[in-house]
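> Counting with the numbering used here, you get residues 1067 to 1316 for the letters of the sequence shown. Just so it is clear, CB atoms sit at the ideal spot from N, CA and C, and this is done for glycine as well.
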Amino acid sequence: MYKGHRISVVTPCYNEEAGVAIILSDMPACVDEVIVVDNNSTDRTAEVARRLGARVVVETKQGYGAAYKTGFQHATGDIIVTMDGDGTYPRGFIPLLLDVLLDENLDFITCDRTGHKSRGTGTPLRVFGNWLLGVMQAALFWFYIKDSQSGMWVFRRDILPLLDLTSDGMALSEELKIEAFTRKELKCAEVPIYYRPRVGESKLNLWRDGFQNLAFLFRKKAAHLFRGRKPAPAGWRATPSPAPANPATE
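Laid out in structure tokens, this is it:
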């Protein structure tokens, strides 16, 4: 619990037994539940996660987006925090990010890794690809963030009914940001964080995933133009969102 809000951390995992052990070993005390979504792992990811206190949810449909959407469905917190299962995102920043969300009365935060130059956090090709996708996202959707592919987000769970999340793959990361930043009902921001080299072997295929994410941006734009936006549910947030906080398993 943090300032009266229940906190859920959602982490999708595919063969991340070493990374998930690191994540769960230093999770801040303000986190009420950690949901590890096991996405067909063949190692001990689920076993390690359960032993260290996480709630394990199984998603058999392979894909980053499919795993995250399942995790969101199972989260019970008022606020959801996400991070990959490879140990790259800073668990210690969670209270700071929650402070920003609550004190600024935000609905959605995405984290920016681009200002932190740790060894092993990005090859030149990966940095260029992230920049290119960010530029294309800005050109198509008229908002700019520095790190369009970041996988650490902090948001109020009650915004999920507003978001039309269709991707089952890596493009879920950019889709979530597009859906949040282009909704006039939502107040969003990008906050810088530090970023560590991953634990274990990367599952990302830079060329395949990069081209798929680029193609997805055009499909998403076409959907917005021709199908329109998902309407807000009747009675959504009939009462105003909370005012800024006072600082004083399976």
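Given that a residue counts as buried once 16 or more other Cβ atoms are within 10 Å of its Cβ, and exposed if not, what is Gln-1348?
The requested residue 1348 does not occur in the structure, where the chain is confined to residues 1067 to 1316.
> Going by C-alpha to C-alpha distance, which of Pro-1156, Ile-1225, Asn-1279 sits closest to Val-1333?
A query on residue 1333 cannot be resolved here, the shown segment of the chain reaching from 1067 to 1316 and no further.
> By alpha-carbon positions, which one of Ala-1281, Gln-1128, Asp-1173, Leu-1238 ends up nearest to Lys-1250?
The count along the sequence shown starts at 1 and reaches residue 1250 at position 184. Ranking the options by Cα distance to Lys-1250, first place goes to Asp-1173.
> For the putative contact between Ala-1397 and Ile-1145, defined by C-beta atoms under 8 Å, what is the C-beta separation to the nearest angstrom?
One cannot answer for residue 1397 here, as it falls past the ends of the chain, which runs 1067 to 1316.
> Given that a residue counts as buried once 16 or more other Cβ atoms are within 10 Å of its Cβ, and exposed if not, what is Ala-1298?
Position 232 of the sequence shown holds residue 1298. It counts as exposed.
> Confirm, please, whether the CB-CB distance from Val-1103 to Asp-1123 is below 8 Å.
On the sequence shown, residue 1123 is found 57 positions in, with the first residue counted as 1. On the sequence shown, residue 1103 is found 37 positions in, with the first residue counted as 1. A small correction: the amino acid at residue 1123 is Val; Asp does not occupy that position in the sequence shown. Cβ atoms of Val-1123 and Val-1103: closer than 8 Å.
> Short of 6 Å in beta carbon distance, which residues of its chain neighbour Val-1147, apart from the five on each side in sequence? Order them along the chain.
Working through the sequence shown from its first residue, we reach residue 1147 at position 81. The answer, listed in chain order, is Val-1075, Ile-1160, Val-1220.
> Can you grab the Cα-Cα spacing for the pair Phe-1194 / Asn-1081, in whole Å?
As a first step, residue 1194 is located in the sequence shown; it is residue number 128 there, counting from the start. As a first step, residue 1081 is located in the sequence shown; it is residue number 15 there, counting from the start. Roughly 27 Å between the two C-alpha positions.
> Quick check for students: name the residue ranges of the beta strand (DSSP E) that lie wholly in the region 1189-1242, counting only runs of 3 or more.
1219-1222
> Can you tell me the Cβ-Cβ gap for Ile-1088 and Pro-1156, rounded? I've got them flagged as a contact below 8 Å.
Position 22 of the sequence shown, counted from the start, is the residue given in the question as residue 1088. Position 90 of the sequence shown, counted from the start, is the residue given in the question as residue 1156. Ile-1088 to Pro-1156, Cβ: 12 Å. No contact.
> Tell me the residue span of the beta strand (DSSP E) that contains Val-1257.
The residue you call residue 1257 lines up with position 191 of the sequence shown. Here the beta strand (DSSP E) through Val-1257 covers 1254-1258.
> What does Arg-1121 pair with, by DSSP beta-bridge criteria?
Here the question's residue 1121 lines up with position 55 in the sequence shown. Arg-1121 pairs with Ile-1101.
> Considering only residues of the same chain and omitting the five flanking positions on each side of Gly-1235, which have a CB-CB separation below 7 Å?
What you label residue 1235 is simply residue 169 of the sequence shown in a count that begins at 1. Contacts found: Gly-1129, Tyr-1130, Gly-1131, Gln-1278.
> Considering only the alpha carbon of each residue, which of Thr-1108, Ala-1112, Arg-1072 lies closest to Leu-1090?
Taking the first residue of the sequence shown as 1, we reach residue 1090 at position 24. For Leu-1090, the nearest C-alpha among the options comes from Ala-1112.
> What are the boundary residues of the alpha helix (DSSP H) that Phe-1138 is part of?
Looking up residue 1138 in the sequence shown gives position 72. Where Phe-1138 is concerned, the enclosing alpha helix (DSSP H) stretches over 1130-1140.
> Can you list, in chain order, the residues of its chain with a C-beta nearer than 7 Å to that of Thr-1126? Leave out the 5 residues immediately preceding and following it.
Within the sequence shown, the letter at position 60 stands for residue 1126. The answer, listed in chain order, is Asn-1106.
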